[in-house]
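Novice: Residue numbers (our numbering): 203 to 576.
We treat Cβ as the ideally placed atom computed from N, Cα and C, and that holds for glycine.
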RNA sequence: GGUUCCGUGGUGUAGGGGUUAACACGUCUGCCUGUCACGCAGAAGAUCGCGGGUUCAAAUCUCGUCGGAACCG
C-alpha cells in the first residue's frame, strides 16, 4: 500500500507546526521524524536493532549507490531493500538526485538525464528520471524519490529557473513509468531562494499528485536565513494532507526551524558523519570529543541522554577510542548522535501535543547556544 | 683495549658546505547538513649531542669530548 499522512493537530500558537501520523507498510509513526541515512543499505557502523533502540522509523538508502553496487536486481532478488538489510521499519530511497550535485559536472546534465563518472571505477554512466524510478521500483523501498537536480548555491536565477522546470519535467517522466503498488513516490520542490520559483515548483509538482512532497536544494552552502526562507516559500504552497520532507537537513536548530515551517520529515548524514570524525551533539551545543580537556573526563557525553553510549561510557573512554582509530568510537558516537536527533523530534512532538512548541524551541536553542558547561 | 658506524621537533627518518632545516606518525585546534569520505583545513613543536677549528658561510668538513650500536681482541 501507499503511505498515508494523517494530520493530528497543529500547534495552537503556530498553525504551520504539525503533529501527524505516517502510516507505512512497516508500521505507523508519529511525525515530525528524523531519518538516519544508510546510503549503501547500511547506516555506517550500526546494526538494525541498534537503530531501533535509538527509536528509528524510516531509514534512507541511495539509488545511485545501490545501482552501482550490488545492483538493483540483487536487492530485488533478496526480497527488496527492507529484507536485504534486515530492517523491519520503513525505508526511503533517494533518487540519485543529490549525486547530480555531488558527483556530476554541470556540463554532464542534459534534458535526457545525467552523465556520471562512476566514483568506483571511473566508467561512464547515464542516469535518467525513468531509470532512477525503475531502479527504485526494484529496490522496493517504501518511499521513492523523484529524480531531481539539486542546484548549487549560488546559482543564477536563470539557471535555477531552467533547472527547476527541468526537474518538473523529470518528475512527470518518472511518475509516468512508476510501477510498484507497494511503494510511494514523492515529488521534489526546487527553485532556490526565489519565492516565485518555489511557488511555481510547488504548484506544478502538487498538480502531479504525489504521495508526499520534498523540499530540495537547501543546505548547499547558503546562509541560514536564506535556507529558512526557502523552506517557508515551499511549505506555504503544499497540501496539508500530505507529508513534507526537508531533504538533507539535520542540524538540531535547523530541525526546529524546519518544524516551525511545517516540515514532517528530515534526513541527514550529519549525525553519523561527524560521529566518525569525533564530534557529538549535546544539549549545550556540539562538542569535539578529541579535545584534550576530555582526556580525563569520566562523565557521559550528555548527562540527561538516555542512549546506550551515555548510559554506559564516559567521554574519556569514547575519546580514547576515537583518537586510537577504533571503529567502536565512531559507533558509540553515531548511536548517541542519532538518538539525540530522534529524541529531539520526540520532544518536539510532545511539545506540540501540549501546545508549547514555541517555548520548547526557544529553551532548546538557548541551551544549545550557551554552551557554558562545555 | 682496537676498528667501524650512528647522535637532527615527542617518535622514526631525510638532508653530506649557501636564504624561513624537509617528511611520516604523534600532539593541539577548527570544519563536516538528500555520504565517493575513520575525511578535510590549519597550528604548535628542532638554535641539528656538547666544545673547539677550517670557511665569507657549517646540521653538513675537521679535531676533541660525551652517549649509543656492531664487529675484532
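Which two residues bound the contiguous alpha helix (DSSP H) that contains residue 331?
Specialist: To locate residue 331, count along the first chain from 1; it is residue 129. Residues 331-341.
Novice: With respect to the beta strand (DSSP E) encompassing residue 439, which residues constitute its N-terminal and C-terminal limits?
Specialist: Numbered from its first residue, the first chain carries residue 439 at position 237. From DSSP, residue 439 is part of no beta strand (DSSP E); its letter is neither H nor E.
Novice: Find the nearest neighbour of residue 343 within the set 494, 206, 296, judged by alpha-carbon distance.
Specialist: Along the first chain, one-based indexing puts residue 343 at 141. For residue 343, the nearest C-alpha among the options comes from 296.
Novice: Are there three or more Cβ pairs, one per stretch, closer than 8 Å when the region 270-284 is compared with the region 326-343?
Specialist: Counting Cβ pairs under 8 Å, three or more are found: they touch.
Novice: If distances are taken between C-alpha atoms only, which option among 373, 442, 288 comes closest to residue 403?
Specialist: Taking the first chain and counting its residues from 1, one reaches residue 403 at position 201. Of 373, 442, 288, the residue nearest in Cα terms is 373.
Novice: Tell me, please, which residues DSSP counts as bridged to residue 326.
Specialist: Indexing the first chain from 1 puts residue 326 at position 124. Partner(s): 319.
Novice: What is the DSSP secondary structure of residue 242, reduced to helix, strand or coil?
Specialist: Working through the first chain from its first residue, we reach residue 242 at position 40. In the structure shown, residue 242 sits in coil (DSSP, three-state: anything other than H, G, I, E or B).
Novice: From residue 458 to residue 213, what distance separates their C-alpha atoms?
Specialist: Within the first chain, residue 458 is the residue found at index 256, counting from 1. Within the first chain, residue 213 is the residue found at index 11, counting from 1. If I take the Cα positions, the gap works out to 13 Å.
Novice: Residue 454 to residue 476, Cα distance in whole Å?
Specialist: What you label residue 454 is simply residue 252 of the first chain in a count that begins at 1. What you label residue 476 is simply residue 274 of the first chain in a count that begins at 1. So the two alpha carbons sit approximately 13 Å from each other.
Novice: Could you compute how far the alpha carbon of residue 556 sits from the alpha carbon of residue 463?
Specialist: The count along the first chain starts at 1 and reaches residue 556 at position 354. The count along the first chain starts at 1 and reaches residue 463 at position 261. Each residue's Cα considered, the two are about 18 Å apart.
Novice: Can you tell me which of the three DSSP states residue 349 falls into?
Specialist: Sequence index remark: in the first chain, residue 349 carries index 147 (1-based). Looking at residue 349 - three-state DSSP - the assignment turns out to be coil, as it is neither helix nor strand.
Novice: Given a threshold of 16 other Cβ atoms within 10 Å of its Cβ, counted over all protein chains shown, does residue 540 qualify as buried or as exposed?
Specialist: Along the first chain, one-based indexing puts residue 540 at 338. Buried is the call here.
Novice: Keeping to the same chain, check which residues put their C-beta closer than 6 Å to that of residue 289; ignore five residues upstream and five downstream.
Specialist: Position 87 of the first chain, counting from 1, holds the residue named residue 289. Excluding residues within five positions, the ones whose Cβ falls inside 6 Å are 250, 261.
Novice: Out of 564, 571, 225, 401, which one is the CA nearest neighbour of residue 386?
Specialist: Residue mapping note: residue 386 aligns to position 184 of the first chain, counting from 1. When only C-alpha atoms are compared, the closest one is 225.
Novice: What is the rounded straight-line gap between the Cα of residue 565 and the Cα of residue 487?
Specialist: By one-based count along the first chain, residue 565 stands at place 363. By one-based count along the first chain, residue 487 stands at place 285. Residue 565 and residue 487: Cα-Cα distance of roughly 13 Å.
Novice: On the three-state DSSP scale, how would you describe residue 377?
Specialist: Against the first chain, residue 377 aligns to sequence position 175. The answer is helix: DSSP assigns residue 377 an H, G or I state.
Novice: Tell me whether the beta-carbon of residue 375 lies closer than 8 Å to the beta-carbon of residue 406.
Specialist: Here residue 375 corresponds to residue number 173 of the first chain, with the count starting at 1. Here residue 406 corresponds to residue number 204 of the first chain, with the count starting at 1. The answer is no: Cβ separation not under 8 Å.
Novice: Do residue 329 and residue 315 have their C-beta atoms closer together than 8 Å?
Specialist: Counting from one through the first chain, the residue named residue 329 turns up at place 127. Counting from one through the first chain, the residue named residue 315 turns up at place 113. Yes, the pair counts as a contact, with Cβ atoms nearer than the cut-off.
Novice: Among 348, 366, 208, which one has its Cα closest to the Cα of residue 234?
Specialist: Position 32 of the first chain, counted from the first residue, corresponds to residue 234. Nearest C-alpha to residue 234: 208.
Novice: Whole beta strand (DSSP E) runs in the region 214-266 with 3 or more residues, listed along the chain?
Specialist: The qualifying runs are 220-226, 229-233, 235-238, 261-264.
Novice: Quick check: the region 414-426 against the region 438-453, are at least 3 beta-carbon pairs closer than 8 Å?
Specialist: Taking 8 Å as the limit for Cβ pairs, the verdict is that the region 414-426 does touch the region 438-453.
Novice: If you measure between the beta carbons of residue 493 and residue 481, is that distance less than 8 Å?
Specialist: Working through the first chain from its first residue, we reach residue 493 at position 291. Working through the first chain from its first residue, we reach residue 481 at position 279. Cβ distance not < 8 Å, so residue 493 and residue 481 don't count as in contact.
Novice: Excluding sequence positions up to five away, which residues of its chain have a Cβ less than 6 Å from the Cβ of residue 298?
Specialist: Stepping through the first chain from its first residue, residue 298 is reached at position 96. Result list for residue 298: 265, 266, 329, 334, in chain order.
Novice: Please go through the same chain and pick out, in chain order, the residues whose beta-carbon is closer than 8 Å to the beta-carbon of residue 230, but skip the five residues on each side of it.
Specialist: Residue mapping note: residue 230 aligns to position 28 of the first chain, counting from 1. Excluding residues within five positions, the ones whose Cβ falls inside 8 Å are 223, 224.
Novice: Look at the Cβ atom of residue 562, then the Cβ atom of residue 521, and state whether they are nearer than 8 Å.
Specialist: Taking the first residue of the first chain as 1, we reach residue 562 at position 360. Taking the first residue of the first chain as 1, we reach residue 521 at position 319. Contact flag unset, no.
Novice: Identify every residue that forms a DSSP beta bridge with residue 484.
Specialist: Against the first chain, residue 484 aligns to sequence position 282. Residue 484 pairs with 487.
Novice: Taking only runs that begin and end inside the region 263-287, name each unbroken beta strand (DSSP E) of 3 or more residues, in chain order.
Specialist: Whole beta strand (DSSP E) segments, 3+ residues: zero.
Novice: For residue 431, name the three-state secondary structure that DSSP assigns.
Specialist: Against the first chain, residue 431 aligns to sequence position 229. Reduced to three states, the DSSP call for residue 431 is helix.
Novice: By how many angstroms is the C-alpha of residue 293 removed from the C-alpha of residue 283?
Specialist: Numbered from 1 along the first chain, position 81 holds the residue referred to as residue 283. Numbered from 1 along the first chain, position 91 holds the residue referred to as residue 293. One C-alpha to the other measures close to 7 Å.
Novice: Can you tell me whether residue 425 is buried or exposed? The criterion is at least 16 other CB atoms within 10 Å of its CB, across all chains shown.
Specialist: One-based indexing of the first chain puts residue 425 at position 223. Label assigned to residue 425: exposed.
Novice: Given a threshold of 16 other Cβ atoms within 10 Å of its Cβ, counted over all protein chains shown, does residue 291 qualify as buried or as exposed?
Specialist: Taking the first chain and counting its residues from 1, the one referred to as residue 291 is at position 89. It counts as buried.
Novice: By Cβ distance, which residues of its chain are closer than 6 Å to residue 416, with the 5 residues on each side in sequence left out?
Specialist: The sequence position of residue 416 within the first chain is 214, counting from 1. So the list reads 388, 390, 447, 449, once near-sequence residues are dropped.
Novice: Excluding the five sequence neighbours on either side, which residues of its own chain have a C-beta within less than 6 Å of the C-beta of residue 609, listed in chain order?
Specialist: There is no way to answer for residue 609, as the model of the chain reaches only from 203 to 576.
Novice: Starting from residue 446 and walking both ways along the beta strand (DSSP E), at which residues does that stretch end?
Specialist: As a position in the first chain, residue 446 is number 244, starting the count at 1. Unbroken beta strand (DSSP E) run through residue 446: 446-448.
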